[in-house]
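Taking it in order: structure first as structure tokens, then the write-up.
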Amino acid sequence: MLRHSSGPSTSRSNSIATTGSNGSRRLATILFADMAGYSRLMRADEEQTLTDLRAHLAELVGPVVERFHGRIVKTVGDGLFVEFASAVEALRAAVELQRGMAERNVGVPEGRRQTFRIGLHMGDVIFSDSDVYGDTVNVAARLQGLAEPGTIVLSSSTHEQVRDKVAVPFRDLGRRSLKNIDRPVRAYSVDPVTLRSASSIRSRSRWAIRAGAAVAVAIALAGGAYLLAPFLRAWNGESTALPLPERRPSVAVLPFANQTDDPERDYFSDGLTEDITAALGRFKQLTVISHAAVLPYRDKQLPVAQLGLTLHARYLVSGSIRRVDPRVRVVVQLTDATTGTQLWADKYDDQLVDIFEVQQRIARRVAGTLATSLQEIELRQSLRKPKADLDAYDLLLRARAMAATATRAANRQAREMLERVTKMSPGYADAHAELAEADFQRATFGWSEFASDDVEAAIREARTASDIDDDCVLAHSVLARAYTAQQKYELGLAEADRALQINPSDSDALAARAAVLLWTGRIDESIDAAEFALRLNDSLGPEATLNLGLAYLLERRLTDAIRLLETARSRYPAYPLLDFPLAGAYAEAGRAADATDVLSEGLRKDPQLTLDTFGSRFQDEALKARLGDSLRKAGLR
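Adding 537 to a residue's 1-based position in the sequence shown gives its number in the working numbering.
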């Protein structure tokens, strides 16, 4: 039977750490950047050089590193040391940094221009006290020394990971001897023309826009103002297709207040603020103001409205940390900067054993619940709009909310709205991913005569979304569940892991991996992933709840299964599949009358369901048999 599925667990690939006596080890890609001619620039004008460098770090480097999920380990003078879990993202960040610097240098006097040399190396590192050590760091630093100003040099280990995944040409530099490195290292450079081309195109585009604007003014004065927009698009070499929806909620995370008596513990609040900012930045539906841009406003008592205006943020996240060993309490608030209204608040308590693990754990929970809350707030604002004013983003929000009610009629309307959005904006990845979700829902909730066809349709739409934007978490989450429904378990697990690699705090990604783990028999791991997903978002929908209920039933956690499934059954009365595991849990708990009543209701909603079809997706026949025993006790034949 093609009914049912759900989502992921935790790990980000390349970041599994093993603890040693002097810290923890993990695989990482290190980016080392150094300013070319820094001493010369400082001799010429110290103040201007420092001002320019700080601007580059705050306006370019910080946002780029966050966008590609890196972590700035330290900055030393004119040097920059960054850690990435992914070699692909490290190279993409390096390319973006070099292109960004080239663009920022346009129009700057030659004597003031600043350029980076960048080295990249992937290998084993030691992580201790938030710093990173090891031979990998040394090699990256030495490779940086081989780079010409404005270029990137990478090791063969990095090149092996990125050569087929990042569309830039490489030049083989051969095996090079590096200072204080006891063996030659084969090195590659990124073609400098590639790094210059994007910035030169952007420079020409800016010239074209200025020239086009002048011509457009003349056209407007001549009475042809209606030609302005298409004229400018054509002049700039852009497509005349409808633009993609760019209206996303903007949010800034203000430095968290340290409410302990020890100022030495500011590092914990600073680290948590930075971690929450980075975790929120993985949600592509949000525009997150960089940590570097927010830092200057630490301890400044400015009105909320002024802070929002200055930071270009609609929403402000603030919080406080009270640390009383061995526990820590974090309080978080979300405020609408335009009205000063507090929209959401929560608190998090944790045992303070490993400070960095606690920081990461709290940051993930805060980011996940914040993102969910912001989407609900945006939906409420959209619902207040007249229908005539709805754009693609509004329609997407409404379709998502409609599909979440889990009824046949709502699913049909949601699919119709999403098809409309994909026609309005064919390049809108989220719209294709949401349509894939709705198609999969139709197949697995028993609302389709041709369920296999709807699963295939879901896979096609999800692939379209990931082709447009490979970082679309929902696309990979749908693919994980759809491939598992087709019993392509390895593909399903790979897609679930990819979704979590993009965003470990995404509840949909966690729910998708929980589903794959359930059907492949890794029940304990499935429960861990699903419980975390529900902590981030308690409105995940009936499918994720069903999967967790089944896992509880298989583990004979009958009290948990009954409590969860009863609540979900009340929330989603039209969804047929919740009744069956609940009946099984009642039967196992000795509540025969309740089991009979609930099973009758389930068969009324779905009279075609049998022991042979329910749970047919299990890879392990023993688990299918265990579930069948419970349902047989409830009276299912």
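Cβ atoms here follow ideal geometry from the backbone N, Cα and C, with glycine treated the same way.
query, result
"Among Thr1096, Leu1087, Ala1126, Leu1115, the one whose alpha carbon lies nearest that of Arg1163", "Leu1087"
"Other residues of its chain near Ala1111: CB distance less than 8 Å, five sequence neighbours each side excluded", "Ala943, Thr944, Arg945, Lys1142"
"Any chain B beta carbon closer than 8 Å to Asn948", "Looking for chain B here will not work: only one protein chain is present."
"Buried versus exposed call for Thr981 [16 or more other C-beta atoms within 10 Å across all chains shown]", "buried"
"Gln681 vs Gly656 beta-carbon contact at 8 Å", "yes"
"Beta-carbon proximity list for Pro792, same chain, < 6 Å, skipping 5 on both sides", "Thr810, Arg835"
"Segment contact flag, the stretch 872-892 with the stretch 818-826, C-beta cutoff 8 Å, min 3 pairs", "no"
"Alpha-carbon spacing of Ile858 relative to Ala1130, whole angstroms", "50 Å"
"Three-way DSSP call (helix, strand, coil) for Gly656 in this model", "strand"
"Beta-ladder partner(s) of Ser1175, from DSSP", "One cannot answer for residue 1175 here, as it falls past the ends of the chain, which runs 538 to 1174."
"Exposure of His498, with buried meaning 16 or more beta-carbon neighbours within 10 Å", "What the structure shows of the chain is the stretch from 538 to 1174, and residue 498 is not part of that stretch, so it cannot be assessed."
"Assumed close pair Gln912, Ala940 - CB separation to whole angstroms, cut-off 8 Å", "Actually they are not in contact, since the Cβ atoms of Gln912 and Ala940 sit about 13 Å apart, beyond 8 Å."
"Beta-carbon proximity list for Gly877, same chain, < 7 Å, skipping 5 on both sides", "Val841, Ala842"
"Cβ distance (whole Å) where Arg952 is taken to contact Leu972 below 8 Å", "7 Å"
"Contacting residues, own chain, Cβ-Cβ under 8 Å from Val602 (five flanking each side not counted)", "Arg608, Ile609, Val619, Ala630"
"For Ala938 and Glu956, the rounded distance between their alpha carbons", "15 Å"
"CB of Val865 within 8 Å of CB of Val903, strictly", "no"
"Alpha-carbon to alpha-carbon, Val643 and Ile746", "Low local confidence applies: a pLDDT of 33 at Ile746 is under 50, so the model's placement there is unreliable, with the coordinate-based value given in what follows. Cα-Cα distance, rounded: 16 Å."
"Residues near Gln879 in its chain [Cβ-Cβ closer than 6 Å; skip 5 each side]", "Gln870, Thr872"
"For Leu568, the three-state DSSP class (helix, strand or coil)", "strand"
"Closest residue to Leu1146 among Arg1154, Phe1117, Asp976, Phe1155 (Cα-Cα distance)", "Phe1117"
"Residue interval of the beta strand (DSSP E) (run including Leu594)", "Run containing Leu594: none; DSSP gives neither H nor E here."
"Where Arg577 falls, given that 16 or more other Cβ within 10 Å makes a residue buried", "exposed"
"Burial state of Val861 (16 or more Cβ within 10 Å)", "exposed"
"Three or more C-beta pairs below 8 Å linking the stretch 1118-1125 and the stretch 1158-1172", "yes"
"C-beta contact flag for Val958 and Val854 at 8 Å", "no"
"Simplified DSSP assignment, three categories, for Leu880", "strand"
"Three-way DSSP call (helix, strand, coil) for Val619 in this model", "strand"
"Anticipated Cβ contact below 8 Å, Ala1081 with Ala1098, distance rounded", "The pair is not a contact, with the Cβ atoms about 14 Å apart (cut-off 8 Å)."
"Contact check, Gly1172 vs Leu1115, beta carbons under 8 Å", "no"
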